[in-house]
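Student:
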Amino acid sequence: METSCSGELCYLGEDACLLKTAKSAPRKKCAACKIVVHTGCIEQLEKINFRCKPTFREGGSRCLRDQNILRHHWVHRRRQEGKCRQCGKSFQQKFFHSKEIIAISCSWCKQAFHNKVTCFMLHQIEEPCSLGAHAGVIVPPSWIIKVRKPQSSLKNSARRKKRTSFKRRTSKKGLDESKWRPFMLKPLPSPLMKPILVFVNPKSGGNQGAKVLQMFMWILNPRQVFDLSQGGLREALELYRKVPNLRILACGGDGTVGWILSTLDELQMNPQPPVAVLPLGTGNDLARTLNWGGGYTDEPVSKVLCHVEDGSVVQLDRWNLLVEKSASQPEEGTQKLPLNVFNNYFSLGFDAHVTLEFHESREANPEKFNSRFRNKMFYAGVSVPLDVLPHCDGTDLTPKIQELKFQCIVFLNIPRYCAGTMPWGNTGDHRDFEPQRHDDGCIEVIGFTMASLAALQVGGHGERLHQCREVVLTTFKTVPVQVDGEPCRLAPSTLRISLRNQANMVQKSKRRTSVPLLNDPHAVPDRLRLRVNRISLQEYDRLQYDKERLRDISIPVGIVVVRGDCDLETCRLYIDRLQEAMFVSLCLQDECRGVPRTSSTSRLSPNWSFLDCEFLSAVCLQEHLHFVTEICQDEVFILDHEGPTVNQAASTGMPDLVVEPTAGYLHTFHFTSSLFHCFVCLPLISSKMFVAADTKMTKTLPANDLSRVLILKN
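Heads up, the sequence shown is in UniProt numbering, so the first residue is 1 and it goes up one at a time.
1. The alpha helix (DSSP H) with residue 451 in it runs from where to where?
2. With DSSP run on the structure shown, which of helix, strand or coil describes residue 121?
3. So is residue 280 buried or exposed if we call it buried at 16+ other beta carbons inside 10 Å?
4. Which runs of the beta strand (DSSP E) at least 3 residues long sit entirely within the stretch 455-503? Give them in chain order.
5. Could you pull out every residue in the same chain whose Cβ sits closer than 6 Å to the Cβ of residue 416, ignoring the five residues on either side in sequence?
6. Using CA coordinates, which residue listed in 557, 467, 200, 457 is at the minimum distance from residue 395?
7. How would you write the range of the alpha helix (DSSP H) that residue 540 sits in, first residue to last?
8. Less than 7 Å between C-beta atoms, sequence neighbours within five positions excluded: which residues of the same chain meet that for residue 568?
9. CA-CA distance, residue 49 and residue 439?
10. What is the residue span of the beta strand (DSSP E) that residue 252 lies within?
11. Sorted by chain position, which residues of the same chain lie with C-beta nearer than 8 Å to residue 424's C-beta, five sequence neighbours on each side aside?
12. Kindly indicate the opening and closing residues of the alpha helix (DSSP H) around residue 546.
13. For residue 533, list the residues DSSP reports as bridge partners.
14. For the pair the stretch 403-412 and the stretch 331-351, tell me if three or more CB-CB distances fall below 8 Å.
15. Kindly provide the ranges of any beta strand (DSSP E) runs that are 3 or more residues long and lie completely inside the stretch 27-54, ordered along the chain.
16. If you count every other CB in all the chains shown that lies within 10 Å of the CB of residue 426, and 16 or more means buried, which is it?
17. From the DSSP output, in three-state form, read off residue 140 for me.
18. Would you kindly work out how many angstroms separate the C-alpha atoms of residue 117 and residue 88, rounded to a whole number?
19. Out of 20, 39, 432, which one is the CA nearest neighbour of residue 26?
20. What's the C-alpha gap between residue 58 and residue 30?
21. Touch check for the stretch 205-222 and the stretch 265-276: three-plus C-beta pairs under 8 Å?
22. If the criterion is Cβ atoms closer than 8 Å, does the pair residue 187 and residue 146 meet it?
23. Here's the rule: buried if 16 or more other CB atoms are within 10 angstroms of the residue's CB, otherwise exposed. What is residue 194?
24. 8 Å is my cut-off, CB to CB: does residue 318 come that close to chain C?
25. Throw me the rounded Cβ distance for the residue 475 and residue 487 pair, which I believe falls under 8 Å.
26. Please name the residue in 13, 110, 560, 529 whose C-alpha comes closest to that of residue 98.
27. Checking 8 Å against the spacing of the C-beta atoms, do residue 135 and residue 197 come in under that value?
28. With a CB to CB cut of under 7 Å and the five nearest residues on each side skipped, what residues in its chain are close to residue 80?
29. State the beta-bridge partners of residue 355 as determined by DSSP.
30. Report buried or exposed for residue 393, applying the criterion of at least 16 other Cβ atoms within 10 angstroms of its Cβ.
31. For the putative contact between residue 584 and residue 558, defined by C-beta atoms under 8 Å, what is the C-beta separation to the nearest angstrom?
32. Please report the distance separating the alpha-carbon of residue 497 from that of residue 472.
33. Could you tell me the distance, in whole angstroms, from the CA atom of residue 305 to the CA atom of residue 137?
34. Using the C-alpha atoms, what's the distance from residue 184 back to residue 8?
35. Identify the residues that DSSP records as bridge partners of residue 106: which are they?
36. What are the start and end residues of each continuous beta strand (DSSP E) run of 3 or more residues lying completely inside the stretch 174-250, in chain order?
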């Protein structure tokens, strides 16, 4: 990003800087590394072997295990706050522009050392990084994979034509090139991880958002921080929708929160990630309700992340607004509300009139409305008489409204209203109503006169009218209304308010309960024990996605035990080697019994593919980008495109040799490949024992000790 800071020298230093003599050369500052460099010197960074910290990994890299190890990203600093991690002494602060490199710090974990051989050791350069105190909320670069754009070729098109039935199913699962995305996410599940997705509205709070955006990009992975002014909200949520324990931080006003919640509704994410709020701008009644405060007061974003991670998940009622056009003569106004869903409140009358005047003035002169206090002072106006007919759960409130001559009616979902006031008042003062809650499926109806509206700012409240679950509101003339602070002039119409759903929100805890993670939290299951089952293409087409019947007719192939972070490409190698070993074992048994050698139809065809857990599609492209845990838990099903049907394989099928051992004598053999050290379960002929065959050792195990029988490892 462009910067005008003149207090920092170009990162290249005097020796390599090309513009060291220029007085006002344009500069740029990296939000992820916090280095400043001349625009004309950016290409020189590679010559000194400096690269920005990696935020993703390339899709072509197949060694996932090495990619999961994140190294420190060391950066030279001419200024550094805090103390050296090695000696514990503070860094020397220079009053003028210092050309001396005083510190070396990691832009991921923020550890810093003096630039001395006694403090920073050479071996630390290649040490793995723990991501620091916020490791539990940072999205590791190994999760984000850059995907190459698919290229169609004559060879691929001819291959697809041969398998027409398979093509029809895979096209439904999104292999269309028009749905290609440059990045994909492959998270490793861990109960210690609560990744936070940050959305910032830089226009909120008098440009506070732009400052907050830079701070979050410095602490987190920049690819989990999004600028809403650049769009991409829906795309970001689609990218992160499969991340377990995901939490969202909305940095902006209540309108920003509503926008995010509406997008989550459209995507139908299940489970829906809870949303926390960092309030920017004015109002922020929802943020006040959830204990986040009325505005951002330069609290360290590190502390904000801790509160988001530790906050409790609560429910928030959301309400539909349906407008039906009146049959009377049309008047000036609109039949369409600015929002058809509200989270905070819906009101009509005097307060909406004042808000409408405020918004129209702010749009004409935005520079005069960058102060929260000045914005509140603008809220003044004239009385607006009401001509409405409200029914709440069938109860007509018109007589009471006309009797008390209300100038404003508010349908309130949360306790806060109008920048922090509490119009419902103390629940204990009125025993005819239930305590006000934002998750009870009820909405509070409150009436205001001019006097009671003025008294709100000094602790007053309105007239409690009703608590209901459905409202029918009829207007007979154009009336100003507002939906969560968005005003408009509504033409005569009938409005229906009904409960839409409940959203998950993060409520700020009063006291911090957990400790930041200092160690690597990316704990995954050490090993997965998978039962491999085969389904022929003929049976797959015949049963038409019947999951239960497909599961019943599947033929057991064997059991493999793989690493918890094993990808499908590696798992394929294990399964191929397993079925080769078992085929050799069956042939040896047949020779000992004097029967013909086992037919080759018992083996898997070379072009078999993995089936997902719903039996809906086969995973055959870019297997190195998919984890085994994405398609199965304890059983993996494979589609054999040239395999036999159940009837054909009934006599020569491959039984699950671990679960159902056969009698016979003992056979052992060894793998010749140096890629794997494999323990494979083989049938015995002369005793009920299993044998473990390894390239280095042969060991006999008891038949009931299944946990030690088959271990495939690198």
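Here a beta-carbon is modelled for each residue, glycine too, at the ideal position from N, C-alpha and C.
Tutor: Working from what's here:
1. Numbered from 1 along the sequence shown, position 451 holds the residue referred to as residue 451. First-last of the alpha helix (DSSP H) with residue 451: 450-455.
2. Along the sequence shown, one-based indexing puts residue 121 at 121. Three-state DSSP puts residue 121 in coil, outside helix and strand.
3. Taking the first residue of the sequence shown as position 1, residue 280 is located at position 280. Label assigned to residue 280: buried.
4. 463-468, 470-475, 479-483, 486-490
5. In the sequence shown, counting from the first residue as 1, residue 416 sits at position 416. The answer, listed in chain order, is 285, 288, 289.
6. Numbered from 1 along the sequence shown, position 395 holds the residue referred to as residue 395. Ranking the options by Cα distance to residue 395, first place goes to 467.
7. In the sequence shown, residue 540 corresponds to position 540, counting from 1. It spans 537-543 - the alpha helix (DSSP H) in which residue 540 sits, taken as one unbroken run.
8. Residue 568 sits at position 568 when you count from the first residue of the sequence shown. Only 610, 619, 623, 626, 628 meet the Cβ criterion.
9. Within the sequence shown, numbered from 1, the residue matching residue 49 stands at position 49. Within the sequence shown, numbered from 1, the residue matching residue 439 stands at position 439. Each residue's alpha carbon lies about 55 Å from the other.
10. Looking up residue 252 in the sequence shown gives position 252. From DSSP, the beta strand (DSSP E) with residue 252 extends over 247-252.
11. Numbered from 1 along the sequence shown, position 424 holds the residue referred to as residue 424. The answer, listed in chain order, is 412, 415, 436, 444, 446, 461, 462, 464.
12. Here the question's residue 546 lines up with position 546 in the sequence shown. Neither: residue 546 is in no alpha helix (DSSP H) and is coded neither H nor E.
13. Residue mapping note: residue 533 aligns to position 533 of the sequence shown, counting from 1. Answer is 556, 637, bridged to residue 533.
14. yes
15. List check, beta strand (DSSP E) in window: 27-29, 36-38.
16. What you label residue 426 is simply residue 426 of the sequence shown in a count that begins at 1. The residue is exposed, with fewer than 16 neighbouring Cβ atoms inside 10 Å.
17. Taking the first residue of the sequence shown as 1, we reach residue 140 at position 140. If DSSP states are grouped into helix, strand and coil, residue 140 belongs with coil.
18. Against the sequence shown, residue 117 aligns to sequence position 117. Against the sequence shown, residue 88 aligns to sequence position 88. Their Cα atoms are separated by approximately 15 Å.
19. Counted from its first residue, the sequence shown places residue 26 at position 26. Looking at the Cα atoms, 39 is the closest of the given residues.
20. The count along the sequence shown starts at 1 and reaches residue 58 at position 58. The count along the sequence shown starts at 1 and reaches residue 30 at position 30. When rounded, the distance between both Cα atoms is 21 Å.
21. no
22. Counted from its first residue, the sequence shown places residue 187 at position 187. Counted from its first residue, the sequence shown places residue 146 at position 146. Going by C-beta atoms, residue 187 is not nearer than 8 Å to residue 146.
23. Mapped onto the sequence shown, residue 194 falls at position 194. So residue 194 counts as buried.
24. Reference to chain C is not applicable here, since this structure consists of a single protein chain.
25. Reading the sequence shown from its first residue, position 475 is the one you call residue 475. Reading the sequence shown from its first residue, position 487 is the one you call residue 487. Taking 8 Å as the upper bound for CB-CB distance, residue 475 and residue 487 are not in contact here, some 15 Å apart.
26. Here residue 98 is taken as the residue at index 98 of the sequence shown, counted from 1. Residue 13 is the option with its Cα nearest to residue 98.
27. Your numbering for residue 135 matches position 135 in the sequence shown. Your numbering for residue 197 matches position 197 in the sequence shown. No; because the gap between Cβ atoms is not below 8 Å, this pair is not in contact.
28. The residue labelled residue 80 in the question sits at position 80 within the sequence shown. So the list reads 91, 102, 103, 105, 112, once near-sequence residues are dropped.
29. Translated into the one-based positions of the sequence shown, residue 355 becomes position 355. Residue 355 is bridged by DSSP to nothing; it lacks a bridge partner.
30. In the sequence shown, the residue the question calls residue 393 occupies position 393. Per the 10 Å Cβ criterion, exposed.
31. Translated into positions along the sequence shown, residue 584 becomes position 584. Translated into positions along the sequence shown, residue 558 becomes position 558. In fact, because the Cβ distance is near 13 Å, the residues do not count as touching under 8 Å.
32. In the sequence shown, counting from the first residue as 1, residue 497 sits at position 497. In the sequence shown, counting from the first residue as 1, residue 472 sits at position 472. So the two alpha carbons sit approximately 7 Å from each other.
33. To locate residue 305, count along the sequence shown from 1; it is residue 305. To locate residue 137, count along the sequence shown from 1; it is residue 137. Each residue's Cα considered, the two are about 8 Å apart.
34. Indexing the sequence shown from 1 puts residue 8 at position 8. Indexing the sequence shown from 1 puts residue 184 at position 184. Distance between the alpha carbons of residue 8 and residue 184: 37 Å.
35. On the sequence shown, residue 106 is found 106 positions in, with the first residue counted as 1. Under the DSSP definition of a beta bridge, residue 106 partners with 74.
36. 183-185, 196-200, 225-227
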